[in-house]
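Novice: Residue 12 is where the sequence shown starts when you use the numbering used here, and the numbers rise one by one after that.
C-beta atoms are modelled at their ideal positions from N, C-alpha and C, and glycine is treated no differently.
Just so it is clear, the structure is predicted and the values come from calculations on it, not from any experiment.
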Amino acid sequence: MTDITTGAAPAPKIGRRLVDLAIEYNFIVIFLIVVAVAAVLSPNFLTPINIANLFQQAAVTGVVAIGMTFVILTGNIDLSVGSVTALCGMLVAV
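1. Between the Cα of V46 and those of I62, L102, V92 and A33, spot the shortest distance and give me the residue it belongs to.
2. In its own chain, which residues sit with a C-beta less than 7 Å from the C-beta of R28, not counting the 5 before and 5 after it?
3. Just the C-alpha distance for A104 and T96, rounded to the nearest angstrom, thanks.
4. Classify L57 as helix, strand or coil using the three-state DSSP reduction.
5. From I60 to A49, what distance separates their C-alpha atoms?
6. DSSP state of V103, grouped into three classes?
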(Lines of atoms letter the chains of each structure in order from A and count residues from 1; the text may use other names and numbers.)
(Lines give C-alpha, C1' and ligand atoms only; values in the text may rest on other atoms or scores of the structure.)
Protein backbone atom coordinates (compact mmCIF):
# COMPACT_ATOMS: atom_id res chain seq x y z
CA MET A 1 0.00 0.00 0.00
CA THR A 2 1.34 3.39 -0.93
CA ASP A 3 0.23 6.85 -0.01
CA ILE A 4 -1.62 8.44 -2.95
CA THR A 5 -0.27 11.96 -2.36
CA THR A 6 3.43 11.11 -2.01
CA GLY A 7 3.71 7.64 -3.51
CA ALA A 8 5.64 6.44 -0.45
CA ALA A 9 4.72 3.53 1.76
CA PRO A 10 3.29 4.55 5.14
CA ALA A 11 5.62 4.26 8.12
CA PRO A 12 5.00 1.12 10.16
CA LYS A 13 3.69 1.51 13.68
CA ILE A 14 6.17 1.39 16.55
CA GLY A 15 4.81 -1.90 17.90
CA ARG A 16 5.19 -3.56 14.53
CA ARG A 17 8.76 -2.27 14.20
CA LEU A 18 9.62 -3.73 17.62
CA VAL A 19 8.18 -7.09 16.62
CA ASP A 20 10.21 -7.03 13.39
CA LEU A 21 13.39 -6.20 15.33
CA ALA A 22 12.69 -8.97 17.86
CA ILE A 23 12.23 -11.47 15.03
CA GLU A 24 15.36 -10.31 13.21
CA TYR A 25 17.57 -10.29 16.33
CA ASN A 26 15.91 -13.14 18.23
CA PHE A 27 19.17 -14.58 19.59
CA ILE A 28 20.12 -11.26 21.16
CA VAL A 29 16.65 -10.90 22.66
CA ILE A 30 16.79 -14.42 24.11
CA PHE A 31 20.31 -13.78 25.46
CA LEU A 32 19.18 -10.56 27.17
CA ILE A 33 16.18 -12.35 28.70
CA VAL A 34 18.41 -15.13 30.06
CA VAL A 35 20.85 -12.57 31.53
CA ALA A 36 17.98 -10.63 33.13
CA VAL A 37 16.51 -13.78 34.69
CA ALA A 38 19.91 -14.90 35.98
CA ALA A 39 20.58 -11.44 37.43
CA VAL A 40 17.25 -11.47 39.25
CA LEU A 41 17.66 -15.01 40.58
CA SER A 42 21.27 -14.63 41.72
CA PRO A 43 22.66 -11.41 43.20
CA ASN A 44 26.21 -12.58 42.41
CA PHE A 45 25.63 -13.01 38.68
CA LEU A 46 26.59 -9.51 37.51
CA THR A 47 29.63 -9.13 39.77
CA PRO A 48 32.98 -8.40 38.07
CA ILE A 49 34.49 -11.64 39.40
CA ASN A 50 31.71 -13.76 37.89
CA ILE A 51 31.83 -11.93 34.55
CA ALA A 52 35.62 -12.47 34.39
CA ASN A 53 35.03 -16.14 35.19
CA LEU A 54 32.51 -16.42 32.36
CA PHE A 55 34.98 -14.88 29.90
CA GLN A 56 37.73 -17.27 31.03
CA GLN A 57 35.48 -20.28 30.55
CA ALA A 58 34.44 -19.11 27.08
CA ALA A 59 37.99 -18.32 25.93
CA VAL A 60 38.81 -21.84 24.71
CA THR A 61 35.58 -22.09 22.73
CA GLY A 62 36.21 -18.63 21.25
CA VAL A 63 39.71 -19.51 20.10
CA VAL A 64 38.48 -22.76 18.51
CA ALA A 65 35.61 -20.88 16.83
CA ILE A 66 37.99 -18.32 15.33
CA GLY A 67 40.20 -21.10 13.99
CA MET A 68 37.21 -22.95 12.54
CA THR A 69 36.03 -19.74 10.88
CA PHE A 70 39.27 -19.55 8.93
CA VAL A 71 39.06 -23.24 8.02
CA ILE A 72 35.49 -22.88 6.73
CA LEU A 73 36.30 -19.66 4.83
CA THR A 74 39.03 -21.46 2.91
CA GLY A 75 36.49 -24.05 1.78
CA ASN A 76 37.60 -26.93 3.97
CA ILE A 77 35.64 -28.73 6.65
CA ASP A 78 37.51 -30.23 9.56
CA LEU A 79 35.32 -32.09 12.04
CA SER A 80 38.20 -33.22 14.24
CA VAL A 81 38.52 -29.89 16.09
CA GLY A 82 35.95 -30.81 18.73
CA SER A 83 37.57 -34.17 19.32
CA VAL A 84 41.04 -32.65 19.67
CA THR A 85 39.71 -30.01 22.08
CA ALA A 86 38.07 -32.71 24.21
CA LEU A 87 41.24 -34.80 24.17
CA CYS A 88 43.36 -31.84 25.28
CA GLY A 89 40.91 -31.06 28.06
CA MET A 90 41.02 -34.66 29.23
CA LEU A 91 44.84 -34.75 29.15
CA VAL A 92 45.06 -31.54 31.16
CA ALA A 93 42.57 -32.86 33.71
CA VAL A 94 44.47 -36.13 34.11
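Specialist: The answer reads as follows:
1. The candidate whose alpha carbon is nearest that of V46 is I62.
2. Closer than 7 Å at the Cβ level, and outside the excluded window around R28, lies no residue.
3. Answer to the nearest angstrom: the Cα atoms are 12 Å apart.
4. In the structure shown, L57 sits in coil (DSSP, three-state: anything other than H, G, I, E or B).
5. Using only the alpha carbons, I get a separation of about 15 Å.
6. It is helical.
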